[in-house]
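In terms of the working numbering, the sequence shown opens at residue 2 and continues consecutively.
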Amino acid sequence: MSKSFEKFCLAVILAGSALILFLPLFVYQRTLYPYIFSKIIVFRIIVEILLFFWLLLVWSNKKYRSNWKNPLVLSLTIFIGLMVLTGLTGVDPQRSFWSTQERMTGVITWLHFWAWFLILTSCFKEKKNWLRLVKFSLLVSVLVGFYALGQRWGWSFLPQDKMAYTVLSGSFGNNIFLAVYSMIHLFLAGFLFFKEERKLNKTIVLAILIFNLYIMSQSGSRGAMVGLGAAILIFLILKIFSLRSLKTKIVSALILFILIAGFVFINFQREIPWMSKAPYFIQRLSSITRGDWSRTTAWGMALQGFKERPLLGWGWENFNIPFNLHFHPHYLSYGPANTWFDRSHNEILDILCLTGILGLAAYLALFFSIFYLFKKSSGGKKNSLLFLFLLLIAYFVQNLFVFDTPGPLIVFFFSLGLFYRETSDESDTNKVQIKQVKIDSKFPLPVLLILLFIFIPWGLYEFNFKPLEKSKEGIMGIVASLSNLDSGLKWYKESLREPCFTNPEVRLQLVKTIFVVEDRGGEDEETIKKAVEFAIEESKKNVSEHPLDVRYWLFLGQVCNANADLNPQYLVEAEKALEQGIKTSPKRQDVYFELGKTKMMLEKDQEAIELYQKALSFDTTIPVSRWNLGLAYLIIGQNENGLREIEKAQEMGFSLSAEPKMLLILAQAYKEVNNCQRAIEIINYILELKKDFVPAYKEKIACYINLKEPEKAGEVFGELQKIAPEEAKKMLKQ
């Protein structure tokens with residue numbers, strides 16, 4: 002290979018790496034999860050292109066081969082290898098390798114991060130290339146910060162974020178992810194500050210550091226705050242023990258004392274009235290020591306999962322399975338949306354649960370190698386390296402409260418590569434590389450090129466372009482269905498036409514679309530029937546591909562229940578699906594609620610009541626469980642029992658449901674026990690929700706007749722004539 006082509010390859014790799022560092026700012030709206038999915042798809046495309054050029058360099062020159070004897074390279078490779086192994090031995094290999102559109106952190110993506118790390122550490126030996134990339138990443142971090150602030154300031158050309166006035170999330174769509182990203186750049190700025198020699202450059206870098214600190218504080222993430230606090234603590238302790246000047250030791254100790262005392266003071270003052278007027282990040286800081294039941298309970302589930310599969314775990318990305326298997330019923334008190342966890346919100350426990358003791362040992366070995374290389378290289382005397390070390394420690398600590406996500410992972414792996422560069426002895430590295438196992442120098446370049454031109458395009462399509470296209474078609478299905486269901490179905494069918502890891506989430510969106518369209522009305526019965534058949538068929542594929550995921554069983558049961566009027570056989574299918582769902586999550590109440598509906602429609606009233614009673618027995622403090630039991634009693638005519646449970650639920654703070662049909666049953670029950678006034682109050686609420694709900698008008702007229710108020714009954718009849726004249730005529734004939 003000529004020198005000029007070698008330089009070209011290196012230039013492409015440098016430019017590609019810069020593009021990767023730009024990706025945190027990238028958002029492509031025409032996908033299901035634009036803040037995450039689009040970033041990682043483009044990231045993988047770039048890495049695969051860079052891999053092509055790197056392999057050419059590796060073929061041509063030994064100096065571009067990785068140093069496998071470096072502790073950092075070795076420990077990271079072992080960890081990735083165990084991730085692959087546990088993905089294969091886990092309970093859902095497909096999810097392990099591909100993940101979901103919402104997360105995009107499957108084994109495939111981690112292999113891309115690993116490949117990029119190898120490319121960075123093999124190709125860039127010179128300080129100038131690394132500093133260029135650091136400066137570029139800091140520039141991007143400023144743009145990311147202004148993106149977030151722009152959402153708060155109401156810049157119309159940016160996607161709007163309703164929470165921006167409280168917390169910033171920016172181009173990550175999540176305040177925690179932005180906080181971690183800004184925290185990492187705070188340390189990168191500190192690293193560059195000690196590398197720069199000109200005062201002007203130092204001033205600019207210091208300003209960027211302060212700006213990232215401000216953005217991090219405005220995100221309100223406690224995990225990032227704890228990570229930063231731990232790094233500051235370590236920094237001050239190192240300075241106290243490493244500096245010779247007594248005065249500097251005293252100052253460092255004093256700062257350490259002030260920070261600890263300030264933190265303790267804020268946490269003791271969190272109930273004081275003035276705290277509510279403090280900046281939001283101070284309020285968040287004051288609540289760090291307050292336990293978060295939902296998180297700590299998830300940690301316990303992760304430990305339980307580890308006990309059941311201690312060696313190799315459940316398989317990467319499969320935390321949702323042990324979580325649902327050991328689901329704690331009290332989660333429902335936080336609302337249905339907060340009952341679905343696919344992470345324990347502690348990276349260490351996630352790794353322990355999903356990859357077993359071997360995976361955790363490999364992960365900890367990675368950070369031990371970081372400490373070893375730091376100690377070997379400087380022992381804390383080199384400030385620039387110290388900031389890199391603190392960056393990696395802060396990242397580790399904050400991950401005790403959250404989990405790895407694509408945006409921050411990009412800069413984390415870049416920082417890992419930078420740390421490798423700063424701790425490597427170039428002359429020793431080159432010697433090691435020369436001794437490595439040789440690739441046959443006679444291996445023909447044309448054969449290598451043919452292989453690369455076959456596998457790289459295949460990977461680009463299968464891993465990236467195909468999923469991207471399928472996700473875009475899924476979005477088109479959602480959008481088109483808002484105006485025309487038949488048109489939307491065509492897009493959905495195109496999206497689901499062939500196997501792809503995007504399919505499960507697109508299928509869930511298809512089911513949700515059916516619910517929205519049926520509630521909206523306006524579609525002909527034949528189109529609805531066709532859509533329902535397609536949705537059920539696709540939902541069955543979900544449970545076939547992921548049989549341990551209760552969510553897919555629940556969605557299948559829900560879509561069958563909701564459309565039992567189209568085909569009575571759907572009730573039988575719903576019953577089977579929901580009973581299987583209970584096996585995968587024995588204490589998840591919403592599955593019992595849905596199966597109770599099925600039993601009611603199958604006229605298995607006693608079985609239904611027993612299901613609702615069992616759901617209530619899991620946690621009697623949850624009002625929605627009493628509400629559903631009360632409705633079940635009302636439906637089978639046990640009005641006294643039903644109203645007793647309903648009123649208990651309301652005493653516990655449960656507000657009226659937003660389902661008109663269910664509310665009408667409640668109103669009818671009150672009418673039956675001669676409490677027509679309460680029945681009318683509920684009917685009025687129903688009509689606020691759905692003004693054209695004809696049965697509610699009929700029931701209201703009946704209530705006024707029972708109350709012997711014919712004038713008011715006539716007024717309601719007049720309203721019915723305006724909304725549904727044909728129904729009004731039928732009432733007159735009766």
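Using N, Cα and C, we set each Cβ at its ideal position, and we do this for glycine too.
> Assuming Gln305 and His331 make a contact with CB atoms under 8 Å, what is their CB distance in whole Å?
Replying inline: Residue 305 sits at position 304 when you count from the first residue of the sequence shown. Residue 331 sits at position 330 when you count from the first residue of the sequence shown. Not quite, the Cβ-Cβ distance comes to about 16 Å (not below 8 Å), so this is no contact.
> By how many angstroms is the C-alpha of Leu511 removed from the C-alpha of Gly475?
Replying inline: Within the sequence shown, the letter at position 474 stands for residue 475. Within the sequence shown, the letter at position 510 stands for residue 511. Spanning the two alpha carbons is a distance of roughly 8 Å.
>> Determine whether the beta carbon atoms of Thr503 and Thr87 lie at a separation below 9 Å.
In response: Within the sequence shown, the letter at position 502 stands for residue 503. Within the sequence shown, the letter at position 86 stands for residue 87. Not in contact: Thr503 and Thr87 (Cβ atoms no closer than 9 Å).
> How many whole angstroms separate the CB atoms of Gly558 and Ala536, which I take to be in contact at a CB cut-off of 8 Å?
Replying inline: By one-based count along the sequence shown, residue 558 stands at place 557. By one-based count along the sequence shown, residue 536 stands at place 535. The pair is not a contact, with the Cβ atoms about 12 Å apart (cut-off 8 Å).
>> Once the 5 residues before and after Lys439 are set aside, which same chain residues still bring their CB inside 8 Å of it?
In response: Walking along the sequence shown from the start, residue 439 turns up at place 438. Residue confidence is low: Lys439 scores 43 on pLDDT, short of 50, so the model does not pin down where it sits. Its coordinate-derived value is still stated next. Only Lys63 meet the Cβ criterion.
> Is Gly224 near Ile185, with beta carbons less than 9 Å apart?
Replying inline: Here residue 224 is taken as the residue at index 223 of the sequence shown, counted from 1. Here residue 185 is taken as the residue at index 184 of the sequence shown, counted from 1. No, Cβ-Cβ distance for Gly224 and Ile185 is not below 9 Å.
>> By the DSSP assignment, the alpha helix (DSSP H) with Phe397 in it spans what residues?
In response: If you number the sequence shown from 1, residue 397 lands on position 396. Its alpha helix (DSSP H) spans residues 384-399.
> Relative to the alpha-carbon of Leu150, which residue among Met105, Ser218, Phe125, Leu139 has its alpha-carbon at the smallest distance?
Replying inline: For the purposes of this step, residue 150 is taken as the residue at position 149 of the sequence shown. Ranking the options by Cα distance to Leu150, first place goes to Ser218.
> Mind checking whether Thr585 and Ile371 have CB atoms under 9 Å apart?
Replying inline: One-based indexing of the sequence shown puts residue 585 at position 584. One-based indexing of the sequence shown puts residue 371 at position 370. Against a cut-off of 9 Å, the Cβ pair of Ile371 and Thr585 comes out as no contact.
> For Tyr29, which three-state DSSP category applies?
Replying inline: The sequence position of residue 29 within the sequence shown is 28, counting from 1. Here Tyr29 sits in coil by DSSP.
> Would DSSP call Gly582 helix, strand or coil?
Replying inline: As a first step, residue 582 must be located in the sequence shown, where it is residue number 581. Of the three classes helix, strand and coil, the one that applies to Gly582 here is helix, per DSSP.
> Between Val625 and Phe655, which are expected to be in contact by the criterion C-beta below 8 Å, what is the C-beta distance as a whole number of angstroms?
Replying inline: Position 624 of the sequence shown, counted from the first residue, corresponds to residue 625. Position 654 of the sequence shown, counted from the first residue, corresponds to residue 655. At roughly 6 Å, the Cβ-Cβ gap stays under 8 Å, so Val625 and Phe655 are in contact.
>> Looking only at its chain, what residues have a beta carbon closer than 6 Å to the beta carbon of Asn562, apart from the 5 residues adjacent to it on each side?
In response: Within the sequence shown, residue 562 is the residue found at index 561, counting from 1. Counting only Cβ-Cβ distances below 6 Å, and skipping sequence neighbours, we find Ala575, Lys598, Thr599.
> Which of the three DSSP states, helix, strand or coil, is assigned to Arg133?
Replying inline: By one-based count along the sequence shown, residue 133 stands at place 132. Arg133 falls in the helix class under three-state DSSP.
> What are the start and end residues of the alpha helix (DSSP H) that includes Gly719?
Replying inline: In the sequence shown, residue 719 corresponds to position 718, counting from 1. Segment 711-724, the alpha helix (DSSP H) holding Gly719.
>> Suppose the cutoff is 8 Å on Cβ atoms and the five residues either side in sequence are ignored; what does the same chain contact list for Ala697 look like?
In response: Locating residue 697 in the sequence shown gives position 696, counting from the first residue. Correct list, in chain order: Pro661, Leu665, Ala668, Ile684, Ile687, Leu688, Lys691.
> According to the Cβ coordinates, are Gly316 and Thr90 closer than 9 Å?
Replying inline: Within the sequence shown, residue 316 is the residue found at index 315, counting from 1. Within the sequence shown, residue 90 is the residue found at index 89, counting from 1. Yes; because the gap between Cβ atoms is below 9 Å, this pair is in contact.
> Where are the alpha helix (DSSP H) runs, 4 residues long or more, that stay fully inside the region 474-557, in chain order?
Replying inline: 486-496, 504-521, 526-546
> Within the chosen definition, does the region 350-365 reach the region 71-87 through at least 3 CB pairs nearer than 8 Å?
Replying inline: yes
>> I'd like to check one pair, Val135 with Leu193: are the Cβ atoms closer than 9 Å?
In response: Counting from 1 along the sequence shown, the entry for residue 193 is found at position 192. Counting from 1 along the sequence shown, the entry for residue 135 is found at position 134. Contact flag set, yes.
> Taking Cβ positions, are Leu58 and Cys124 nearer each other than 9 Å?
Replying inline: Indexing the sequence shown from 1 puts residue 58 at position 57. Indexing the sequence shown from 1 puts residue 124 at position 123. Yes; because the gap between Cβ atoms is below 9 Å, this pair is in contact.
>> Would Leu26 and Ser172 be called neighbours here (beta carbons separated by less than 9 Å)?
In response: In the sequence shown, residue 26 corresponds to position 25, counting from 1. In the sequence shown, residue 172 corresponds to position 171, counting from 1. Yes; because the gap between Cβ atoms is below 9 Å, this pair is in contact.
> Sorted by chain position, which residues of the same chain lie with C-beta nearer than 6 Å to Lys531's C-beta, five sequence neighbours on each side aside?
Replying inline: Here the question's residue 531 lines up with position 530 in the sequence shown. Cβ within range, chain order: n/a, list empty.
>> Quick check: the Cα distance between Ile457 and Ile120, rounded to an integer number of angstroms?
In response: Here residue 457 refers to the residue found at position 456 when the sequence shown is read from its first residue. Here residue 120 refers to the residue found at position 119 when the sequence shown is read from its first residue. Spanning the two alpha carbons is a distance of roughly 16 Å.
> Residues in its own chain within less than 7 Å of Asp405 by CB, not counting five upstream and five downstream?
Replying inline: In the sequence shown, counting from the first residue as 1, residue 405 sits at position 404. Around Asp405: Thr106, Glu348.
> Excluding the five sequence neighbours on either side, which residues of its own chain have a C-beta within less than 7 Å of the C-beta of Phe118, listed in chain order?
Replying inline: Position 117 of the sequence shown, counted from the first residue, corresponds to residue 118. Cβ within range, chain order: Leu77, Phe414, Leu417, Gly418.
>> Residues in the same chain with beta-carbon distance under 7 Å from Ser472, minus the five sequence neighbours each way, listed in chain order, please.
In response: Working through the sequence shown from its first residue, we reach residue 472 at position 471. Once the five neighbours on either side are set aside, the close Cβ partners of Ser472 are Thr32, Leu33, Phe38, Gln102, Thr503.
> Going by the CB atoms, is the gap between Tyr593 and Ala565 shorter than 9 Å?
Replying inline: Counting from one through the sequence shown, the residue named residue 565 turns up at place 564. Counting from one through the sequence shown, the residue named residue 593 turns up at place 592. Cβ distance not < 9 Å, so Ala565 and Tyr593 don't count as in contact.
> Excluding the five sequence neighbours on either side, which residues of its own chain have a C-beta within less than 7 Å of the C-beta of Lys432, listed in chain order?
Replying inline: Against the sequence shown, residue 432 aligns to sequence position 431. No answer about Lys432 holds up, because its pLDDT of 43 lies below 50 and its placement is not dependable.
>> Spatial neighbours of Ile41 within its chain, please: C-beta separation below 7 Å, excluding the five flanking residues on both sides.
In response: Here residue 41 refers to the residue found at position 40 of the sequence shown. Excluding residues within five positions, the ones whose Cβ falls inside 7 Å are Met105, Thr110, Pro407.
> Which same chain residues, not among the five before or five after Asn400, have their C-beta less than 6 Å away from its C-beta?
Replying inline: Reading the sequence shown from its first residue, position 399 is the one you call residue 400. Here the set comprises Glu348.
> By DSSP, does Ile14 sit in helix, in strand, or in coil?
Replying inline: In the sequence shown, residue 14 corresponds to position 13, counting from 1. Note: Ile14 maps to helix in three-state DSSP.
>> Helix, strand or coil, according to DSSP, for Leu333 in the structure here?
In response: For the purposes of this step, residue 333 is taken as residue 332 along the sequence shown, with counting starting at 1. Helix at Leu333.
> What distance in whole Å lies between the Cβ atoms of Ser425 and Asn71, which are believed to be in contact at a cut-off of 8 Å?
Replying inline: Within the sequence shown, residue 71 is the residue found at index 70, counting from 1. Within the sequence shown, residue 425 is the residue found at index 424, counting from 1. Yes, Asn71 and Ser425 are in contact; Cβ-Cβ is about 7 Å, under 8 Å.
>> Can you tell me where the alpha helix (DSSP H) holding Phe402 begins and where it ends?
In response: Indexing the sequence shown from 1 puts residue 402 at position 401. Note, Phe402: premise wrong, no alpha helix (DSSP H); not H, not E.
> Helix or strand or just coil, what does DSSP make of Lys731?
Replying inline: The residue labelled residue 731 in the question sits at position 730 within the sequence shown. Helix.
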